[in-house]
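A short write-up of the structure that comes next.
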Amino acid sequence: MGPTPGRPAGRPFEYAEKWPWWTGTTVTGFGRGQSADAVSVPVIAAGGVVDGRGVAAVLTLGAAGVELGTAFLFCAESGASEVWRQALRKFPSVVSDAYTGRAARGARTPFVDQLIAGSPPAPYELQRALTADFRRLDGCGWCLGGQAATHAREIPAAELLSVIVEETSAASEMLR
């Protein structure tokens, strides 16, 4: 089992319920750098980083690299539908295993509320196939995305990458 949003690698999802700072309404980012201090391998930070200030912060805390997923969801090149993007802007986020069987963060749409309240999830591949048409409707999908979706920018991916590099450089200069 690999790392998933809202909990450390190798921990069952129930573990998150015992620690309030690993819930669906809490930042799941790099924290105060304990991850890098706790292991002898390079750590890639992920969660809540959508700009150069966030990149500089986690690198300063010891991350060897940074994964920016949601930051790029709003770029046209991502392939995310307009319904998906709107849901990430409109609804709060939640971490649940109700859709994929593993902890995943996404928009808390009415559909997701029903999934969370229902029975254990069917295998992800089956759910995805059976709900393909349904998920295209407003408020009816599990729109995966991070807690910083409201701060993501709608610009071309190449431009976003350039802006993030510039912001990271400027933020790193301020830390010197």
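For the sequence shown, the numbering used here begins at 583 and goes up steadily by one.
Each residue gets a CB set at the ideal place from its N, CA and C atoms; glycine is no exception.
Endpoints, the beta strand (DSSP E) within which residue i is located
i, result
"R687", "A686 to A689"
"A628", "I626 to A628"
"E649", "G647 to E649"
"S678", "S675 to S678"
For residue i, the first and last residue of its enclosing alpha helix (DSSP H)
i, result
"G636", "G634 to T642"
"V665", "E664 to K672"
"F693", "P692 to A699"
"I746", "A739 to L757"
Inter-residue Cα distance where the pair is residue i and residue j
i, j, result
"R690", "Q709", "17 Å"
"S744", "G700", "43 Å"
"P705", "L650", "27 Å"
"W603", "V623", "Any reading at W603 is ruled out, since the residue's pLDDT is 42, under 50, leaving its predicted position unreliable."
"R671", "E664", "11 Å"
"G727", "D633", "15 Å"
"E748", "Q668", "28 Å"
"I746", "A638", "10 Å"
"Y681", "C657", "24 Å"
"G630", "A645", "14 Å"
Any C-beta of chain C under 9 Å from that of residue i
i, result
"A680", "No chain C is part of this structure, which consists of one protein chain only."
Contact check, residue i vs residue j, beta carbons under 9 Å
i, j, result
"S754", "T642", "yes"
"V694", "W724", "yes"
"F654", "A714", "no"
"V621", "G636", "no"
"T652", "A734", "yes"
"S678", "I698", "yes"
Assigned exposure category for residue i - 16 Cβ within 10 Å defines buried
i, result
"R758", "exposed"
"G661", "exposed"
"Q729", "buried"
Cβ-heavy atom distance, residue i to the ligand NAP, below 8 Å
i, result
"G629", "With respect to the ligand NAP, the structure shown offers nothing to examine, as it has no ligands at all."
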